[in-house]
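Structure record follows, encoded as structure tokens.
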Amino acid sequence: MNLKATDCLGGEWMPSEWELIEKAKTGDKEALGELVADCWQPLYRFISYKTGSSEDAQDIAQETFYRAFRSLSSYQRTESLFSTWLGRIAMNLITDIWRKKGRAPIINDINEHESELSGGENPADVVIHRETQDTLVVLLSELPEEQRRVIELRIIAGLPVKEAATAMNKSEAAIKMLQQRALKSLREKLLDRGVLERNE
Amino acid sequence: MSKKIDELSNSLDKINAGQTPQVADTEIDELLEVATLLHKAALPVRPPEHILSVTVQRAADGLAAHKKSRHNAWLYSGVLGAAAALLIFVGINGFPSMQEVVPIVTPAPQNAPVSSNASARLDVNPITPVVPLKEEKTAAPESNTESSNAVSTPSSNNASKPATPSAPAPAPSTLPRQAPASTVQSMKAALPPTAMAVRLAGRTPDSIIKDSSAGTIRQVFDSGTSRELIITQRIKPFAENDAAASSGQQVLRETAKGKSEALTSLNKVVVVINGQEVTLEGRQTMAELTELSKTLSPATM
Numbered sequence: 017m018n019l020k021a022t023d024c025l026g027g028e029w030m031p032s033e034w035e036l037i038e039k040a041k042t043g044d045k046e047a048l049g050e051l052v053a054d055c056w057q058p059l060y061r062f063i064s065y066k067t068g069s070s071e072d073a074q075d076i077a078q079e080t081f082y083r084a085f086r087s088l089s090s091y092q093r094t095e096s097l098f099s100t101w102l103g104r105i106a107m108n109l110i111t112d113i114w115r116k117k118g119r120a121p122i123i124n125d126i127n128e129h130e131s132e133l134s135g136g137e138n139p140a141d142v143v144i145h146r147e148t149q150d151t152l153v154v155l156l157s158e159l160p161e162e163q164r165r166v167i168e169l170r171i172i173a174g175l176p177v178k179e180a181a182t183a184m185n186k187s188e189a190a191i192k193m194l195q196q197r198a199l200k201s202l203r204e205k206l207l208d209r210g211v212l213e214r215n216e
Numbered sequence: 531m532s533k534k535i536d537e538l539s540n541s542l543d544k545i546n547a548g549q550t551p552q553v554a555d556t557e558i559d560e561l562l563e564v565a566t567l568l569h570k571a572a573l574p575v576r577p578p579e580h581i582l583s584v585t586v587q588r589a590a591d592g593l594a595a596h597k598k599s600r601h602n603a604w605l606y607s608g609v610l611g612a613a614a615a616l617l618i619f620v621g622i623n624g625f626p627s628m629q630e631v632v633p634i635v636t637p638a639p640q641n642a643p644v645s646s647n648a649s650a651r652l653d654v655n656p657i658t659p660v661v662p663l664k665e666e667k668t669a670a671p672e673s674n675t676e677s678s679n680a681v682s683t684p685s686s687n688n689a690s691k692p693a694t695p696s697a698p699a700p701a702p703s704t705l706p707r708q709a710p711a712s713t714v715q716s717m718k719a720a721l722p723p724t725a726m727a728v729r730l731a732g733r734t735p736d737s738i739i740k741d742s743s744a745g746t747i748r749q750v751f752d753s754g755t756s757r758e759l760i761i762t763q764r765i766k767p768f769a770e771n772d773a774a775a776s777s778g779q780q781v782l783r784e785t786a787k788g789k790s791e792a793l794t795s796l797n798k799v800v801v802v803i804n805g806q807e808v809t810l811e812g813r814q815t816m817a818e819l820t821e822l823s824k825t826l827s828p829a830t831m
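From first to last, the protein sequence lines stand for chains G and H. In case it helps, my numbering puts the first sequence at residues 17 to 216. In case it helps, my numbering puts the second sequence at residues 531 to 831.
The following block contains the structure:
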């Protein structure tokens, strides 16, 4: 299995993904939306890790996309992965915020986080990861719609309660109760499948 | 119960921030195990629509800002390029002269000396040679005064009148007297044989003065009045002996300048008639003098 660093767009550079970027450069809103949707989650998670705040992560993610597309013409295919390029922009933003807050910026090599941003893993973990992913996808699909959705928003996407409540048009209290119920249901299914072991 | 719900929610936020929450409650810990598994799986998920739309719009704003900056860059570079090209062009070709070379023909100011920028030089087509001066008649009366210059009138010269001591005295003039009659012969010798006198059409001079030293013939019209007109004819051809001509000019100018103390400033027009310089001086305007110069014609004396 010839594994390569993947990109938030779904894998190694494919002509279709590069065409998506080229279309976005010309101002194609549909291509732009697709590009943002594909890259948003790993970028948001990365920013959440670095800032420790889901609320700040969303603002920074939006500003990252703004700056990225403002300088999109300078991004060339021969450069690092698009997700890595986004992560570099995000890191600069985070550093600026820290400086304004008087905090010493953490010096990070963006390449260390490339796997986080692009989803790349070492070969040994890829298989396990893929099997776990497949199982989780199946089990999630068996959950009720609202429980599945709250898990997608609160845990997989990593949104704060407030954003999940807005997305689902529910109160924050309702989201908190829903996420507890959803996690309990999913745990039962994982135990039945043998993915998790029961604590005796 | 609500406390457990809040604690679970807070713990989920910590997992999302990359932290590992520490909880005492077993139930919460078991639920967090599932959450951690889900989080690490990093399943692809589309962000909620309200977040996606805002983010896409923000990205579009960035693209628009980029295009605008590129447009402005092209505009600025175009303007700078045009300015640079213009500078290079000017630097190579230089600025055109902003001054027109205009021959200055200015009338003399009322109180200025005659010699200062008061002359206009007109080249008139040469007039056909006229009958030379009839020196015999002018030289006949020996009873004329022994003044340096002989003062006579054309009318009296034309008439064959015997010279008598009782000959009428000539009209007074502020101009220097001519040489006495005894010097007429010498004057005749000084004057070139082709010396021609000019006549102002329709007018008779009050006096005619011949200056042998300067080589000029001077006619005065309306002498002693505000309309006094002096026509000075330089006998020597203008083309010959430029040094003498210039000295003659200087004599004329100086003479005129000397007169400026007695007379108010005069305008001067200089014409060339048949190679001879003729100067018209007077208080008339330059235009008037120019018109008068056009009426000059050769005459017999």
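The C-beta atom is built at its ideal place from N, Cα and C for all residues, glycine as well.
Counting contacts by CB-CB distance shorter than 8 Å, is residue i in contact with chain G?
i      : result
H/P551 : no
H/S539 : yes
H/H601 : no
H/A565 : yes
H/L605 : no
H/A554 : no
H/K533 : no
H/L561 : yes
H/N546 : yes
H/L542 : yes
Span of the beta strand (DSSP E) holding residue i?
i      : result
H/A802 : Note on residue identity: the sequence assigns Val, not Ala, to residue 802 of chain H. Looking at the DSSP string, the run of the beta strand (DSSP E) that includes H/V802 is 797 to 803.
H/Q763 : 759 to 764
H/V750 : 746 to 751
G/E213 : Here G/E213 belongs to no beta strand (DSSP E), and DSSP marks it neither H nor E.
H/T820 : First-last for H/T820: 816 to 824, but that is the alpha helix (DSSP H), not the beta strand (DSSP E).
H/A727 : 727 to 730
H/G548 : Note, H/G548: premise wrong, no beta strand (DSSP E); not H, not E.
H/G502 : Look at the range of chain H in this structure, 531 to 831, and you will see that residue 502 of chain H is not part of it.
Classify residue i as buried or exposed, calling it buried when 16 or more other Cβ atoms lie within 10 Å of its own Cβ.
i      : result
G/S90  : exposed
H/A554 : exposed
H/S532 : exposed
H/A594 : exposed
G/W34  : exposed
H/L610 : exposed
G/D112 : exposed
G/N185 : exposed
G/K116 : exposed
G/A198 : buried
G/I167 : buried
G/D208 : exposed
H/A612 : exposed
H/A603 : exposed
H/S499 : One cannot answer for residue 499 of chain H here, as it falls past the ends of chain H, which runs 531 to 831.
H/N623 : exposed
G/S157 : exposed
G/A84  : buried
G/P160 : exposed
Using a threshold of 7 Å, is the CB atom of residue i nearer than that to any non-hydrogen atom of the ligand GDP?
i      : result
G/K117 : By its list of ligands, the structure shown contains no ligand whatsoever, and the ligand GDP lies outside what it can speak to.
Terminal residues of the continuous alpha helix (DSSP H) containing residue i?
i      : result
H/D741 : No alpha helix (DSSP H) holds H/D741; the beta strand (DSSP E) holding it covers 737 to 741.
G/D49  : In the sequence as displayed, the identity of residue 49 of chain G is Gly instead of Asp. Element bounds for G/G49: 45 to 67.
G/G103 : 98 to 116
H/R851 : Here chain H comprises residues numbered 531 to 831, so residue 851 of chain H is not present and cannot be evaluated.
G/R83  : 70 to 86
H/T567 : As written in the sequence, residue 567 of chain H is Leu, which differs from the Thr given in the question. Per DSSP, H/L567 belongs to the alpha helix (DSSP H) from 556 to 571.
Can you confirm whether residue i, when its beta carbon is compared against all beta carbons of chain H, has any partner nearer than 8 Å?
i      : result
G/L202 : yes
G/I123 : Low confidence applies here, because G/I123 scores a pLDDT of 49, under 50, leaving its location unreliable and the question unanswered by this model.
G/R209 : no
G/R86  : yes
G/V166 : no
G/Y82  : yes
G/Y91  : no
G/M107 : no
G/S99  : no
Problem set entry | Proximal residues, the segment 588 to 600 of chain H versus chain G, C-beta separation under 9 Å | R588, A589, A590, D591, G592, L593, A594, A595, H596, K597, S599, R600
Exercise. Taking Cβ-Cβ distances below 7 Å as the criterion, which residues of the segment 149 to 162 of chain G are in contact with chain H?
Worked result: The segment 149 to 162 of chain G vs chain H, Cβ under 7 Å: Q149, L152, V153.
Exercise. Using a Cβ cut-off of 7 Å, which residues of the segment 171 to 185 of chain G contact any Cβ in chain H, in chain order?
Worked result: I171, I172, A173, G174, P176, V177, E179, T182, A183
For this session: Jot down the residue ranges of each uninterrupted alpha helix (DSSP H) in the segment 138 to 203 of chain G, minimum 4 residues, whole runs only, in chain order.
Result: Taking only runs of at least 4 residues, the alpha helix (DSSP H) segments lying wholly in the segment 138 to 203 of chain G are 139 to 158, 161 to 167, 177 to 184.
Exercise. Between the segment 568 to 586 of chain H and chain G, which residues of the former have CB atoms less than 7 Å from a CB of the latter, in chain order?
Worked result: L568, H569, A571, A572, L573, P574, V575, R576, P577, P578, H580, I581, L582, V584, T585, V586
Problem set entry | Selection of the segment 43 to 60 of chain G by Cβ proximity to chain H, strictly under 9 Å | G43, K45, L48, G49, L51, V52, A53, D54, W56, Q57, P58, Y60
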